[in-house]
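Notes follow the structure.
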Amino acid sequence: MEHIINEFNSLENLPMVLQPAKKEQSNTKAFIEANTIQVPFQEVRNDHIIPVFVRDNEPLISHAEFVDATAEIATEIFHGEHILKPSVRLSHPIKGRIPDAKDKPAHLLLDREKTIYYERMMFVIEIPSIQNEIDGNHLSLTIGGVKAYNLDNLYSRAKSDQHFKVFVGFKNRVCTNLCVWTDGFLGELKVKSLDQLKASIQMLITGYNQEQHLYQMKQLADNYITEQQFAHLIGRCRMYHHMPAEYRKDIPALLFGDQQINTVVRDFYKDSSFSRDAFGNINLWKLYNLLTGANKSSYIDSFLERSVNAFDLLTDLNHCVEHKRQSWYLN
């Protein structure tokens, strides 16, 4: 029996492409909520139709091809690491039916007569064997991306640009919050072929400096703000979007709206993992996780940009607190 268990454990460490059916999936909890649903990757690959360019009827790069390309490159770069199956979340379904069923009432449609694809998709692939710890939280390396067909010109030809977003960063295993920074994010990736997409993903992953990213995140745990400073920060965040543009130009950008800020305030008092301490203070690592947790209510379109914005904002606040410099958000 022990021999069988050991043999099974050794199989779990093989690269994903060799045994996808035996892999644990990345994330048992949602890394994004909003209006998304979780769908098995096999369903995306086998059952969802692929949009085409109208002018020549050539297919776009499909959601499944995007995920497969990322998984393939991750397996090559992190050979021998434990790489989990992708976790895929979708939104904005585009439903249809085959021509033979065009006159059928919807409730009488058979499964084989229905067609569907989703306009927007986000996925993550977790590598739990590459991990670190910050303030008692275990982080694992995570790679993923976003595809939104609404950004592509479907009425053009196949050689038109196709738009993607890809990232590499860390996932907080305590809460599934994603930690993404500017140097691990390509938000305006335009390609014309799958090979170009693969090359861009490989360039991003190989150029990512995980040590520097971890170092900057660990620094956040060393500095605190008081409850009074937190209250000032929340007030400034509510003011930011209503200020004239000329006033905002010298202030670190804020992409979070009132809904997310409300969640941050609620969890400042109620969240057991990242709430204030007994004296009302909170370290900046916990504050960062309050923001990344609130970001789960964002739509796929803005999720990664807000993830990066949370890191940039907290890094700036940390610099001000550590060096006792003035911050518009705190003073």
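The numbers in our numbering rise by one with no breaks, and the one at position 293 of the sequence shown is 1696.
Cβ atoms here follow ideal geometry from the backbone N, Cα and C, with glycine treated the same way.
Here the C-alpha atom of M1646 lies approximately 19 Å from the C-alpha atom of R1709. The C-alpha of K1621 lies about 33 Å from the C-alpha of R1523. Note on V1569: 16 or more other CB atoms within 10 angstroms of its CB, so buried under the neighbour-count rule. V1711 is positioned such that its CB atom lies no closer than 8 Å to that of F1573. CA-to-CA, the gap between S1563 and N1556 works out to about 7 Å. Per DSSP, Q1729 lies in no alpha helix (DSSP H) segment and is marked neither H nor E. Residue T1545 holds the alpha-carbon nearest to the alpha-carbon of F1481 among Q1663, I1501, T1545 and R1515. Within the same chain, no residue comes within 6 Å of N1449 by CB-CB distance, once the 5 residues on both sides are set aside. Counting only the Cα atoms, A1467 lies some 22 Å from I1501. Counting only runs of 4 or more residues that sit fully inside the stretch 1453-1514, the alpha helix (DSSP H) segments are 1466-1480, in chain order. In the displayed model, T1695 falls within a helix according to three-state DSSP.
In this structure, the beta-carbon distance from Y1672 to L1657 does not fall below 8 Å. In the DSSP assignment, C1640 falls within the alpha helix (DSSP H) that extends over E1630 to Y1643. Around the Cβ of H1510, a 10 Å sphere holds fewer than 16 other Cβ atoms; the residue is exposed.
Contact annotation: the stretch 1593-1611 does not touch the stretch 1516-1533, with fewer than three C-beta pairs closer than 8 Å.
Residue pairing from DSSP places A1551 in a beta bridge opposite R1523. Here L1617 carries a helix assignment [DSSP, helix/strand/coil]. Between S1700 and E1461, the CB-CB gap reaches or exceeds 8 Å. Pairing S1494 with F1434 gives a Cβ-Cβ distance that is not under 8 Å. One thing to note: N1721 has its Cβ no nearer than 8 Å to the Cβ of L1693.
It is roughly 31 Å from the alpha-carbon of R1560 to the alpha-carbon of D1506. Taking a C-beta distance under 8 Å as the contact criterion, L1463 and I1476 do not qualify as a contact pair. The DSSP-derived three-state label of K1568 is strand. In the displayed model, V1577 falls within coil according to three-state DSSP, outside both helix and strand. For the pair L1717 and I1628, the CB atoms are not nearer than the 8 Å cut-off. In terms of CA proximity to I1537, C1582 leads the group A1551, C1582 and V1470. At the C-beta level, T1473 and I1703 stay beyond 8 Å of one another.
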